[in-house]
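Protein chains in written order, with the UniProt record's numbering: chain H, 1 to 350; chain W, 1 to 239; chain S, 1 to 343.
Report on the structure given below.
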Amino acid sequence: MLVNLISGDTPRSAVLTVLLLIVLVCLAGAPFLFPGVRSLETAATICIFILLVASYDLLLGYTGIVSFAHTMFFGLGAYGVALASIHIGRGWGALIVGSLSGAVAAAALALIIGLFSLRVRAIFFAMITLAVASAVAVLVSQLFNITGGEDGLTYLIPRELTPAFRMGELFGVRVNGRVLNYYLIFVACLALFLLLLRIVNSPFGRVLQAIRENDFRAEAIGYRVVWYRTAATCLSAAIAALAGALYAIWLRYVGPDTTLSFEIMLDILLMVVIGGMGTMYGAVLGAVIFVLAQNYLQNLMGVAAEATEALPILPLFLDPNRWLLWLGLLFILSVYFFPTGIVGRLRSGR
Amino acid sequence: MSDVLRIEGLFTDIAQYHILEGVDLAVPRGQVTMLLGRNGVGKTTTLKTVMGHWAAKAGSIRYDGQDITAWPTPARARAGIGFVPEDMGIFTDLTVEENMVLAAASGPPDAARLERVFAAFPPLKTFWKSEAGTLSGGQKQMLSIARAMAEERVLYLIDEPTKGLAPAIVSTMAGALRELKGQGASILLVEQNFAVAKALGDHAAVMDDGRIVWTGAMAELAADAGLQERLMGLSMEAE
Amino acid sequence: MSAAPDHAPTMTRASFAHRLGQAAPYLLVPVLIVLGFLSIGSSSSWLTLTVSGLAMGMMIFVMASGLTLVFGLMDVINFGHGAFVSLGAFVGISVLLALTGWTTAPSLFLNLAAVLLAIAAAMVLTGLVGWGFERVIVRPVYGAHLKQILVTVGGLIVVEQLIHVIWGPDEIFLNRPETLKGAVTFAGAALEKYRILAVVLGLAIFVAMRLVLRRTKIGLIVRAGVQNGQMVESLGYRLRLVFIGVFVAGSALAGLGGVMWGLYQEVITAGMGERMMILVFIVVIIGGLGSVEGAFIGALLVGLLQNYIAFLAPKLALVSNIGLMAAILMWRPQGMMPVVKAK
Chain H
1 MLVNLISGDT
11 PRSAVLTVLL
21 LIVLVCLAGA
31 PFLFPGVRSL
41 ETAATICIFI
51 LLVASYDLLL
61 GYTGIVSFAH
71 TMFFGLGAYG
81 VALASIHIGR
91 GWGALIVGSL
101 SGAVAAAALA
111 LIIGLFSLRV
121 RAIFFAMITL
131 AVASAVAVLV
141 SQLFNITGGE
151 DGLTYLIPRE
161 LTPAFRMGEL
171 FGVRVNGRVL
181 NYYLIFVACL
191 ALFLLLLRIV
201 NSPFGRVLQA
211 IRENDFRAEA
221 IGYRVVWYRT
231 AATCLSAAIA
241 ALAGALYAIW
251 LRYVGPDTTL
261 SFEIMLDILL
271 MVVIGGMGTM
281 YGAVLGAVIF
291 VLAQNYLQNL
301 MGVAAEATEA
311 LPILPLFLDP
321 NRWLLWLGLL
331 FILSVYFFPT
341 GIVGRLRSGR
Chain W
1 MSDVLRIEGL
11 FTDIAQYHIL
21 EGVDLAVPRG
31 QVTMLLGRNG
41 VGKTTTLKTV
51 MGHWAAKAGS
61 IRYDGQDITA
71 WPTPARARAG
81 IGFVPEDMGI
91 FTDLTVEENM
101 VLAAASGPPD
111 AARLERVFAA
121 FPPLKTFWKS
131 EAGTLSGGQK
141 QMLSIARAMA
151 EERVLYLIDE
161 PTKGLAPAIV
171 STMAGALREL
181 KGQGASILLV
191 EQNFAVAKAL
201 GDHAAVMDDG
211 RIVWTGAMAE
221 LAADAGLQER
231 LMGLSMEAE
Chain S
1 MSAAPDHAPT
11 MTRASFAHRL
21 GQAAPYLLVP
31 VLIVLGFLSI
41 GSSSSWLTLT
51 VSGLAMGMMI
61 FVMASGLTLV
71 FGLMDVINFG
81 HGAFVSLGAF
91 VGISVLLALT
101 GWTTAPSLFL
111 NLAAVLLAIA
121 AAMVLTGLVG
131 WGFERVIVRP
141 VYGAHLKQIL
151 VTVGGLIVVE
161 QLIHVIWGPD
171 EIFLNRPETL
181 KGAVTFAGAA
191 LEKYRILAVV
201 LGLAIFVAMR
211 LVLRRTKIGL
221 IVRAGVQNGQ
231 MVESLGYRLR
241 LVFIGVFVAG
251 SALAGLGGVM
261 WGLYQEVITA
271 GMGERMMILV
281 FIVVIIGGLG
291 SVEGAFIGAL
301 LVGLLQNYIA
311 FLAPKLALVS
321 NIGLMAAILM
331 WRPQGMMPVV
341 KAK
């Protein structure tokens with residue numbers, strides 16, 4: 001039953017299995033295992049990024065195409081929830097309508113971009129998505145009457161999902177709407193992740209991998225490569241939008257910085273590469289490691305910069321604002337020396 | 001040394017496919033060696049491995065007494081190997097003249113040589129300043145051979161120069177190849193047109209399944225219909 | 001993937017329709033300028049916008065030219081190209097700031113000398129960094145597009161962050177040299193002097209590049225290599241060396257573009273190259289990957305359209321270029337002047 005749930009795609013490594021179980025248990029019990037506002041924030045962020053990165057892996061790892069528009073799709077879902085909550089009014093209906101319309105819009109946009117670029121050369125896709133995503137980001141900050149511009153939007157979500165909704169105590173932890181909200185996100189992310197696993201292990205997913213290995217041959221065998229790539233793009237975009245919708249439900253705020261920025265795009269790329277492209281489980285490890293590092297390592301860099309203040313130059317490199325410098329280096333090194341990521345390493349037996 | 005090219009135990013993979021599986025072949029100096037065989041047995045891959053477009057997985061290629069197995073393509077070309085690929089490799093955005101200028105890698109093509117080229121292929125003179133992309137198929141093939149003639153080469157690797165050409169142009173091609181040979185060049189020629197092969201070849205090597213399965217004098221092969229049938233099956237046009 | 005059947009069975013004069021098809025991209029620029037005139041109405045604003053559109057187009061072209069050739073020659077797509085734009089701007093502007101005595105003097109000669117020195121310094125440095133970038137970042141990932149994109153994006157981030165380390169986290173504001181400030185009035189339209197200089201400089205670079213590509217052996221090798229690199233090698237040319245040369249030259253040109261853009265905007269940031277890359281990619285795509293002429297026309301179209309739309313409907317300026325890209329790809333899916341690959 002359990003194997004069926006993960007579509008027969010077992011971790012195929014004892015260490016990996018243990019790590020995944022630890023992550024699952026920690027996330028499932030997060031409100032009780034790690035009480036506190038900040039750790040709950042971290043846990044929710046991890047859940048959402050696991051889903052977001054996994055949906056990106058469907059594209060990068062399984063289909064072999066690079067997109068720079070994944071944050072745009074993420075943002076579409078988030079803004080969908082925000083706009084629906086504002087215009088329809090606080091309520092569950094708004095959340096559902098917002099999420100679904102965000103996902104549909106993302107899939108439609110992905111379809112258009114895919115048809116324009118993928119039928120010529122897969123490499124066009126990377127460039128065109130970069131251009132379109134940045135145009136959308138500019139548009140969002142310019143159309144401030146609708147989107148709130150750089151300031152973003154705040155809105156109300158159903159009371160049951162907010163800290164104001166109290167439900168008593170459990171295991172010595174005060175359970176409120178925030179915990180309920182967390183479990184909404186946890187369950188939704190888990191379900192969608194399992195759906196992604198199902199997709200990549202379906203016949204459709206196998207065709208995608210055949211295309212990734214040799215698109216020419218896949219075409220020769222009779223698969224419409226363009227169609228499959230476009231379909232993968234749309235699916236990936238729709239799920240990214242749903243991740244964005246969940247993020248919006250959790251944060252009760254959307255803005256360009258939290259959903260659309262190029263920096264988040266880089267984060268996603270790094271998480272996929274570090275975790276292991278084309279494995280799905282890589283998304284889990286990549287997102288966990290990355291989010292934890294981002295939340296706690298930046299502080300460490302600050303401490304290190306202060307400690308080395310007396311030295312020349314070094315503090316400049318250790319400044320927490322230079323976090324991206326180290327990410328960039330790590331990124332290059334992982335692509336060169338670590339192309340299969342953590343999951344690949346674990347599976348190859350070391 | 002009588003052989004200009006010696007290939008021993010050559011293996012070449014293309015992606016996951018094993019194309020050459022132990023090719024042994026010698027090309028005698030100053031003569032025309034025909035490389036024959038059905039489609040897909042590895043003739044083109046043999047030429048491309050000699051030219052360095054594919055890397056040999058195992059085996060050795062000796063040219064003019066040197067082991068060139070690991071040399072990059074340009075070094076092989078500068079050592080005197082000329083290559084006319086099956087798709088002709090014409091630069092269609094460049095004019096005929098520019099194609100010829102490029103082909104003469106060591107300096108501008110000298111006048112006497114150009115005159116010989118024009119004599120062999122008159123249309124090239126007519127369309128000297130035209131974009132090569134506007135030439136007809138036969139004219140493109142002429143240009144591809146002419147390019148090989150633009151500079152003195154020791155060994156020519158020529159892949160199906162008469163493919164898809166009208167009979168009149170085929171004989172023009174054959175004449176040009178004979179002239180190349182007359183200048184003392186060695187030629188390794190892949191050819192499906194058996195009449196042309198018979199007329200030009202001194203030696204023949206027949207490939208099957210990534211190996212050389214027969215070598216001998218072209219005349220011997222041409223005279224023995226049963227041998228042809230056995231080596232090359234029905235895909236080879238009989239005379 | 002698409003094996004284009006190239007059959008011209010007989011040598012006939014190219015038909016009128018065929019020639020029109022070839023000339024069509026060239027005609028788009030004047031057509032756009034006329035359309036701009038019709039929709040803007042006021043001839044003085046139109047002239048001002050046209051000049052600034054051409055100036056912007058020239059600068060984008062300078063940045064895009066190297067990228068498109070690098071792709072054409074070796075099938076390498078460099079997402080880190082924008083790093084050279086930023087780096088060039090910072091080096092060039094630092095030189096200008098160091099030469100304040102020359103730039104504030106009301107002497108055209110001293111001003112231009114300072115600008116030329118800044119350009120030279122920027123080009124030399126970005127050329128050198130380009131050489132290193134090719135060796136360290138690009139070379140190990142030849143033939144693997146996916147890795148190329150990832151690694152060059154990584155390179156972009158690292159260079160950008162190093163700019164922050166060296167020049168600090170803030171943007172740098174600057175003044176143009178004294179004699180390049182202000183505008184001249186022509187036919188009732190105010191034309192900024194610097195924009196005219198940018199047009200002249202960009203045009204000179206385009207003409208020079210075309211001359212090199214058409215009239216020199218190295219240019220022949222580059223053009224032939226874009227079409228069929230393997231054949232060029234079979235003729236005895238070391239395409240790798242040519243490629244490195246083109247990569248270095250392209251990086252230096254991107255650096256030059258960075259200086260020009262910095263002087264145009266009068267402010268530079270480490271992220272400016274990354275932002276410019278969006279327009280550069282659009283230009284390279286609509287021009288046809290590997291085509292210098294296509295990139296030139298594409299850049300002019302993007303520059304002009306951006307300026308016209310910024311005047312007519314400011315919020316749509318960047319989106320208009322996406323629209324332009326979509327329209328051109330519908331018309332010619334491979335871009336306006338695709339290079340015929342021999343494969």
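The beta carbon of each residue, even a glycine, is placed where N, CA and C say it ideally should be.
Beta bridge pairing from DSSP links W:Phe11 with W:Glu21, W:Ala58. Membership of W:Leu155 in the beta strand (DSSP E) is indicated by the continuous run 155-159. Secondary structure note for H:Met271: its alpha helix (DSSP H) is the uninterrupted segment 262-275. At a cut-off of 8 Å between beta-carbon atoms, S:Met209 makes no contact with chain W. Look at W:Val84 here: in three-state DSSP terms it is strand. A distance below 8 Å separates the beta carbons of S:Leu156 and S:Phe79.
Within the same chain, and ignoring the five residues on either side of W:Gly9 in sequence, the residues whose Cβ sits closer than 8 Å to its Cβ are Gly22, Val23, Asp24, Ala58, Gly59, Ser60. One thing to note: S:Gly262 has its Cβ within 8 Å of the Cβ of S:Gly92.
Annotation for H:His70: the continuous alpha helix (DSSP H) segment containing it runs 70-87. Going by C-alpha positions, H:Gly75 is about 20 Å away from H:Tyr182. In summary, the residues of the stretch 225-247 of chain S whose CB is separated from some CB of chain W by less than 7 Å are Gln227, Asn228, Gln230, Met231, Glu233, Ser234, Leu235, Gly236, Tyr237, Arg238, in the order they occur in the chain. Within the stretch 185-218 of chain H, the alpha helix (DSSP H) runs of at least 4 residues that lie entirely inside it are, in chain order, 203-213. DSSP places W:His53 in the coil class of the three-state scheme, outside both helix and strand.
Between the alpha carbons of H:Leu192 and H:Pro31 lies a gap of roughly 21 Å.
Put simply, the backbone Cα of W:Thr45 is about 55 Å away from that of H:Gln298.
H:Thr162 carries a coil assignment under DSSP once its states are collapsed to helix, strand and coil. With contact defined as three or more Cβ pairs closer than 8 Å, the stretch 47-58 of chain H and the stretch 213-229 of chain H are not in contact. Among the residues facing chain H, S:Val158 is included, as its CB has a counterpart in that chain under 8 Å away. Interface annotation for the stretch 166-181 of chain W against chain S: empty, criterion Cβ-Cβ distance under 8 Å. With 16 or more other CB atoms across the displayed protein chains lying within 10 angstroms of its CB, H:Asp215 is buried. In the three-state DSSP reduction, S:Thr185 falls in the strand class (E or B). H:Thr45 counts as buried, since at least 16 other C-beta atoms from the protein chains shown sit within 10 angstroms of its C-beta. Taking a Cβ-Cβ cut-off of 9 Å, the neighbours of S:Ile221 in chain W comprise Leu102, given in sequence order. Relative to the Cα of S:Ser52, the nearest Cα in the group S:Ala224, S:Ala310, S:Phe16 belongs to S:Ala310. Looking at the backbone, the Cα of H:Ala232 and that of S:Gln148 are separated by about 22 Å.
Take the alpha-carbon of H:Glu263 and the one of H:Val335: they are about 18 Å apart. Each residue's CA atom was taken as its position, placing W:Ala150 and W:Pro123 some 16 Å apart.
Between the C-alpha atoms of W:Lys198 and W:Ala174 there is a straight-line separation of about 11 Å. With respect to S:Ala295, S:Val284 sits close: the two C-beta atoms are nearer than 8 Å.
DSSP places S:Trp46 within a helical segment (H, G or I) once states are collapsed to three.
For H:Asn321, no beta strand (DSSP E) encloses it, and the DSSP letter there is neither H nor E. For W:Thr33, the enclosing beta strand (DSSP E) stretches over residues 32-37. Taking CB atoms only, H:Asn145 has no neighbour in chain S less than 8 Å away. Sequence-distant partners of H:Gly168 (beyond 5 residues in either direction) whose C-beta falls short of 7 Å from its own C-beta, in its chain, are Val175.
Using beta-carbon distances, W:Arg78 counts as an interface residue toward chain S, with a partner under 8 Å. The criterion of a C-beta distance shorter than 8 Å is satisfied by S:Phe247 and S:Gly130.
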